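Protein chains: 2
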Amino acid sequence: MIANDLLHFGLDEYRERLRRVWSSMESRGIDVLLLTDPCNLYYTTGYDAWSFYVPQCVLIERGSDRPVWIGREMDMQGAKLTTYLEPQDIDSYSDDFVQAADRHPMSRVAELIRARGWGRARIGVELGSYYFSARAMDVLRAELPDAQWLDASLLVNWVRVVKSPTEIRYMREAAQIVQGAMTTAIERTRPGVRQCDVAGAIYQALIGGTREFGGQYASSPPLMPTDERVNTPHLSWTDQPYRPGSVTNFELVASRHRYHMPLGRSISLGQPSPATATLERALIDGIDEVLASLRPGMRASEVESLWQKAASRHGVRKRARCGYSIGIAYPPTFGEQTISLRPNDETELVPGMTLHLMPGVWQQGASLVITEPFLVTESGCEPFCRLPRKLFLAE
Amino acid sequence: MIANDLLHFGLDEYRERLRRVWSSMESRGIDVLLLTDPCNLYYTTGYDAWSFYVPQCVLIERGSDRPVWIGREMDMQGAKLTTYLEPQDIDSYSDDFVQAADRHPMSRVAELIRARGWGRARIGVELGSYYFSARAMDVLRAELPDAQWLDASLLVNWVRVVKSPTEIRYMREAAQIVQGAMTTAIERTRPGVRQCDVAGAIYQALIGGTREFGGQYASSPPLMPTDERVNTPHLSWTDQPYRPGSVTNFELVASRHRYHMPLGRSISLGQPSPATATLERALIDGIDEVLASLRPGMRASEVESLWQKAASRHGVRKRARCGYSIGIAYPPTFGEQTISLRPNDETELVPGMTLHLMPGVWQQGASLVITEPFLVTESGCEPFCRLPRKLFLAE
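These protein sequences, in sequence, are chains U and V.
Per this note's numbering, residue 180 is the first one in the first sequence, and the count goes up by one each step.
Per this note's numbering, residue 180 is the first one in the second sequence, and the count goes up by one each step.
Given below as structure tokens:
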């Protein structure tokens, strides 16, 4: 491992990560792990670039602290710059493999796997991950017929669920940034102001960050549906002005060294309807109940039922999961894809886990998003943000 | 088809798109097309939401103007809101399929394919597309053993390469936005200013847009490496201040109704080195040559050699492709993945095609990015932007 000032963690932390990855590989009978999820490339090697739109991977042999990076030729320099890898462990395919009809970069990866003597190995692949296409897998299967393929989807994601002190520090910094951006949204959302101008100001706050540190591009844009779009999750802004009486659900997320911190709040331009006011109380009571009652050792499903029980006293029930694990992210999601706060998820919560309690409810007549990201501690849990939990009002 | 004020194109244009898709399906012997690329969902149905982080698809039966959308239950409302689809053609899987270890949304898609009588059909799938995982394909193969699978990667992308007048209008609007954002970059990049603050101002310009219309989230963040990172493509900003004497390569992209317009310029904080000045002349001569000499009927490879020939007079040669087709985009790329300006791409350029001439060169000692997106016209080509082609200087 080569020391590198641009790494955001010490070499010891990377070594410890590799040890935990090897241990998980061993328990699944995996000799070599072929990682394609950009979050897992970043976590294991530090590699950080907007290059995941072309195939790239990191290969980890169990027991070796010299992972191999393979990507596009022009991205090798980025791999040298952002990782601890030795130059001879950084390999590439030439540019004529990029988006070509007659060849695929995974052929070159297969060649390198054979050259390293792993052609008959038990190779773990992230079958369910982003940026690993069905075609990529077909090429690997065809060109390495003697390899044994094991599904290692989420193997590294599960190694990532308990955060180190440095990781938690970056998440606290991201929390400061996202809280500042939400404050901007609350200050700027007024009747007659164009939605795109509020979105622009939010981006500026998310990227400019604080006086001490800046933000990075996040996995997801601000989601901020309003008017007839407010009952729909996953929509963003338009260039129309905000209308008096409208409600807007802001879901923002900040990134600090790729550690993501989401936060959701709703803003009403005028007095909310009785249905909205009831929903507000339900959401807040649910969050208060979770933050007060959560203890390490509880299961994810128990946390969900804490929330549902408190909300049900107001006649509210959420059909979708009400939270999930968070940490490193690249587009298209800041969810870690591991723990979900929902029935049947029996994961035991332990100190150092970081989750987003996300009881957004969308239903005809009323929809609100009030959320709270939190850290599981030795004695309970601690929210990352300090913004009042309420429906914000403006005129 | 249901008329919908939120659609950005008339129903006639969607009908014409479907006709062209059916024709391509017929020539490949495809009965039913299963689309997963969010660009192709948007192009064929209007569907537009940040929901592609979970599996979703559009099914098109050849000859039917009633595509079927299948996604997550909470996103059905978004499908109703943003498309022309009939409510009975919008279907979903429940939330317990989301990121679950024991089930996969494609099982539900397979069930719906059987229910529609397509269980033995010749089904085209986008094997190489983003957001269609190897696991998703494995599930489909296992659950629809009597279907015949054909690779339909890029089928719709190729239908998209020639733009309609409305598409070109949106691209011209995106060009106005990206030019404004680049002007912001040129005005704000000064020694001592933090990179993240310039990035924040760029985002505000990209999203706030012009007085007449706003921008949308783009497929890619601003890329703007500087200092020791300048020789590396695909890196973004840090929170460090700009240094006197440094060069920064700005690659920005704006989105208007998901039509993307990229633009690249470099900014030097001080007099450039002789090597940089030579590179500048090579890039500009190459662009001038292409814009002056390009004629419809030329092949993509000929355009590349026009550029290389002009640049080679300054001793410069670009190893990677020097451009590609552009249009609709979602993360992670604004390239259409069809035409590449490189040797062996024999695509004939015809009026209505839109490309990004992207002769960025990264090499030790000098690296610059000066790019020009353009439209192929009846008589030649026309750049979308009107920003001087040069290395901008500031002190």
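Just so you know, even glycine gets a beta-carbon here, dropped at the ideal spot from N, CA and C.
A quick note: this is a predicted structure, and the numbers were derived from the prediction, not measured.
For residue 270 of chain U, no CB of chain V lies under 9 Å from its own CB, so it is not counted at the interface with that chain. At a cut-off of 9 Å between C-beta atoms, residue 218 of chain V does not count as an interface residue with respect to chain U. With a 10 Å radius around the Cβ and a threshold of 16 neighbouring Cβ atoms, residue 496 of chain V comes out exposed. When the Cα atoms are used, residue 380 of chain V and residue 356 of chain V turn out to be separated by approximately 13 Å.
Nearest to residue 502 of chain V by alpha-carbon distance, out of U/202, U/290, U/277, is U/277. For residue 431 of chain U, the closest alpha carbon among the candidates U/330, U/448, U/516, U/382 is that of U/382.
Taken in chain order, the members of the region 228-255 of chain U whose beta-carbon sits within less than 8 Å of a beta-carbon on chain V are 228, 229, 230, 231, 232, 252, 253, 254. By the Cβ rule, the region 327-341 of chain U does not count as touching the region 325-334 of chain V, because fewer than three pairs are nearer than 8 Å. The C-alpha of residue 511 of chain V is placed about 28 Å away from the C-alpha of residue 470 of chain V. Annotation for residue 428 of chain V: no alpha helix (DSSP H) segment contains it, though the beta strand (DSSP E) segment containing it runs 426-435.
Taking a cut-off of 8 Å on C-beta distances, the region 273-287 of chain U does not touch the region 206-213 of chain U, as fewer than three cross pairs fall below it. Taking 9 Å as the cut-off, the beta carbon of residue 461 of chain V is found no closer than this to the beta carbon of residue 518 of chain V. Per the Cβ contact rule, the region 367-376 of chain V is in contact with the region 416-427 of chain V (3 or more Cβ pairs under 8 Å). Taking the CA atoms as reference points, residue 268 of chain U sits about 42 Å from residue 249 of chain V. Note that the C-beta distance between residue 359 of chain U and residue 416 of chain V is not below 9 Å. Cβ-Cβ separation between residue 303 of chain V and residue 212 of chain V: approximately 5 Å, consistent with a contact (criterion under 8 Å). Among the residues of the region 309-320 of chain V, those with a Cβ less than 8 Å away from any Cβ of chain U are 309, 310, 311, 312, 313, 314, 315, 316, 317, in the order of the chain.
With respect to chain V, the C-beta atom of residue 464 of chain U has no partner C-beta closer than 9 Å.
Take residue 387 of chain U, set aside five residues on each side of it, and the residues of its chain with a beta-carbon closer than 8 Å to its own are 393, 394, in chain order. Between residue 222 of chain U and residue 339 of chain U, the C-beta spacing is below 9 Å. In this structure, DSSP gives residue 278 of chain U a state outside helix and strand, which the three-state scheme calls coil.
With fewer than 16 neighbouring CB atoms inside 10 Å of its own CB, residue 450 of chain V falls in the exposed class.
Sequence-ordered contacts of the region 365-378 of chain V with chain U read 373, 374, 375, 376, 378 [C-beta pairs closer than 8 Å]. Among the CB atoms of chain U, none fall inside 9 Å of the CB of residue 481 of chain V. Bounds of any beta strand (DSSP E) do not take in residue 457 of chain V; it lies within the alpha helix (DSSP H) bounded by 453-472.
The residues 522, in chain order, have a CB closer than 8 Å to that of residue 484 of chain V in the same chain once the five nearest residues on each side in sequence are set aside. Secondary structure at residue 256 of chain U: helix, using DSSP grouped into helix, strand and coil. Within the region 481-497 of chain V, no residue has its Cβ closer than 7 Å to any Cβ of chain U. The alpha-carbon of residue 540 of chain V is positioned some 24 Å away from that of residue 367 of chain V. Against chain V, the CB of residue 277 of chain U has a partner CB under 9 Å away; the residue lies at that interface.
When Cβ-Cβ separations below 9 Å define contact, residue 392 of chain U makes contact with chain V. Of all residues in the region 292-308 of chain V, only 304, 306, 307, 308 place a beta-carbon less than 8 Å from a beta-carbon of chain U. DSSP, read as helix, strand or coil, puts residue 268 of chain U in helix. Listed along chain V, the residues sitting closer than 7 Å to residue 388 of chain U by beta-carbon distance are 375, 418. Annotation: Cβ neighbours of residue 413 of chain V in chain U (cutoff 7 Å, chain order): 228, 229, 230, 254, 257.
By the neighbour-count criterion, in which a residue is buried when 16 or more other Cβ atoms sit within 10 angstroms of its Cβ, residue 398 of chain V is buried.
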